[in-house]
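K.L.:
Just so it is clear: in the sequence shown, position 54 is 680 by our numbering, and no numbers are missing.
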Amino acid sequence: MNTKIEYADPAETLYYSEGGEDFLLWSIFGYKRFGTFVDVGAFDGRYLSNSLSFAKAGWKGVCVEPVKEYFDLCKINQPGSICLNAACVGDPDLETVSFQMEPLGVYSRLELEAGAKERLKNSYDRYGADLGGFEEVSAPATTVAEIIERHLAGEAPDFLSIDVEGNEITVLEGAGLSQHRPRVIVAEANDEEHKAALVSYLQAYDYDLVRSLGNNHFFAFEPDLIERGRTIPVKCVIERHQHPKGLQFTFRGIALGKIIDEPSDTAREALRKQLQSAEHKIDQLENRKSELIRSLERERAELSQSTDKNTRLERTENHLRARISEFEAKLAEVRAIGDEKSQAIDTLEKKLSDAEEHMARHFLIPRFWPFKAKKS
627 MNTKIEYADP AETLYYSEGG EDFLLWSIFG YKRFGTFVDV GAFDGRYLSN SLSFAKAGWK
687 GVCVEPVKEY FDLCKINQPG SICLNAACVG DPDLETVSFQ MEPLGVYSRL ELEAGAKERL
747 KNSYDRYGAD LGGFEEVSAP ATTVAEIIER HLAGEAPDFL SIDVEGNEIT VLEGAGLSQH
807 RPRVIVAEAN DEEHKAALVS YLQAYDYDLV RSLGNNHFFA FEPDLIERGR TIPVKCVIER
867 HQHPKGLQFT FRGIALGKII DEPSDTAREA LRKQLQSAEH KIDQLENRKS ELIRSLERER
927 AELSQSTDKN TRLERTENHL RARISEFEAK LAEVRAIGDE KSQAIDTLEK KLSDAEEHMA
987 RHFLIPRFWP FKAKKS
């Protein structure tokens, strides 16, 4: 017997997620009136919730929140959902688990990775608040597979939403995906490395990455759901609401009622990236300009020093040339004197030779002269 599917009215549907994740989920499922979900890391069941819109529409859901303060609020905000004060893990034999809690709740996690404390402090600084830091607390442990068996009669939910600040794969390890196959999985990954790990893990179970909205990534295995998820533009208005600790800790867009228009946002993002690229190029050119100016100033200084040095060298050279000219003049003078002396010496030597020859001739001293005297 065919069961008639009832549909929710999109015009009456309210949205609470951060980036239109609940709108996209509604669109993927064709606004079918009834369905099931499991929301792991549900927080207070309202702020930035991927599941509240469905709970309000009458879907059957299970919300899992380990922080007692926010679990109590979750029961109030989603009275029709099954709310569990627990942490989802991968090991079904664990009874309790320690995790790192922080006052705002949105950064609580199973494990502290490198830099987590510094990022938390920076986040608190942006809010202008001193709320302390991480505190290790314990909560009952459970798995997604156990939740499905116990609370959904063993039937996989229409969607599984996971937001556990970096431990999404740990949660998936306890989901029993070989047996329990949520039609859509929405998992958070705050960086490309974590996203790649999610894609790789879920591909092993034949889930394809459908699309990403911010840090939330959608996976499905049914071709029609994949097609819808990839082609439907996200256009909705997020209801105004605030963080349970007050407006001070609420994202501005959420507090005002965030309008999401994906086509326009995509175009705007493309323009923003182009602007960033242009600004980056301008910065590079400005830096290059500054380098050239500094280089020019150095060359000018060096040229100035070189000019001064050249001037000094020219003066020294001119002085040396003048001294050389003086020395050359004196040398010429000395040479002239030397020539005169040489001529005088030659003259004296000639006279001496003539005198000796005369003596030899006239005084008959043969033993002193080799020539024979002429007879007179």
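For glycine and all other residues, C-beta sits at the position ideal for the given N, C-alpha and C.
The model shown is predicted, which means the values in this text are computed figures rather than measured ones.
Does K658 come out as helix, strand or coil in the three-state DSSP assignment?
P.N.:
Strand, per DSSP.
K.L.:
Could you compute how far the alpha carbon of E691 sits from the alpha carbon of I654?
P.N.:
Roughly 26 Å separates the two Cα atoms.
K.L.:
Nearest-angstrom Cα distance between D670 and G855?
P.N.:
About 27 Å.
K.L.:
What is the rounded straight-line gap between the Cα of L738 and the Cα of M727?
P.N.:
With a pLDDT of only 49 at L738, under 50, the local geometry of the prediction cannot be trusted, and the value read off the model is given with reservation. Taking the straight line from one Cα to the other gives about 10 Å.
K.L.:
Taking the alpha-carbon of Q704 as reference, which of L674, I880, C689 has the nearest alpha-carbon?
P.N.:
Of the listed residues, the one whose Cα sits closest to Q704 is C689.
K.L.:
For G964, which three-state DSSP category applies?
P.N.:
It is helical.
K.L.:
In the stretch 850 to 923, which residue ranges form an unbroken beta strand (DSSP E) of at least 3 residues, counting only runs that do not cross its ends?
P.N.:
Entirely contained in the stretch 850 to 923, the beta strand (DSSP E) runs reaching 3 residues are, in chain order, 861 to 863, 885 to 887.
K.L.:
Could you pull out every residue in the same chain whose Cβ sits closer than 7 Å to the Cβ of H777, ignoring the five residues on either side in sequence?
P.N.:
Same-chain partners within the cutoff: V688, I708.
K.L.:
Distance, Cα to Cα, Q900 vs E819?
P.N.:
Those two C-alpha atoms are separated by around 25 Å.
K.L.:
For G840, count neighbouring C-beta atoms within 10 Å of its own C-beta (all shown protein chains included) and say buried if the count is 16 or more, exposed if not.
P.N.:
G840 should be labelled exposed.
K.L.:
Using only CA atoms, which one of C700, I908, T933, D972 lies nearest to L710?
P.N.:
The shortest C-alpha separation from L710 is found at C700.
K.L.:
Please report the residue range of the alpha helix (DSSP H) in which T639 lies.
P.N.:
Neither: T639 is in no alpha helix (DSSP H) and is coded neither H nor E.
K.L.:
Of the choices D719, E644, E638, A970, whose alpha-carbon is the least far from that of S838?
P.N.:
Minimum Cα distance to S838 is reached at E644.
K.L.:
Going by DSSP, what residue range makes up the beta strand (DSSP E) through D834?
P.N.:
Looking at the DSSP string, the run of the beta strand (DSSP E) that includes D834 is 834 to 839.
K.L.:
Taking the beta carbon of T933 as the centre, do at least 16 other beta carbons fall within 10 Å, making it buried, or is it exposed?
P.N.:
T933 comes out exposed.
K.L.:
Tell me which residues share the same chain as L640 and place their Cβ nearer than 7 Å to its Cβ, disregarding the 5 neighbours each side in the sequence.
P.N.:
Correct list, in chain order: S679, K682, E865.
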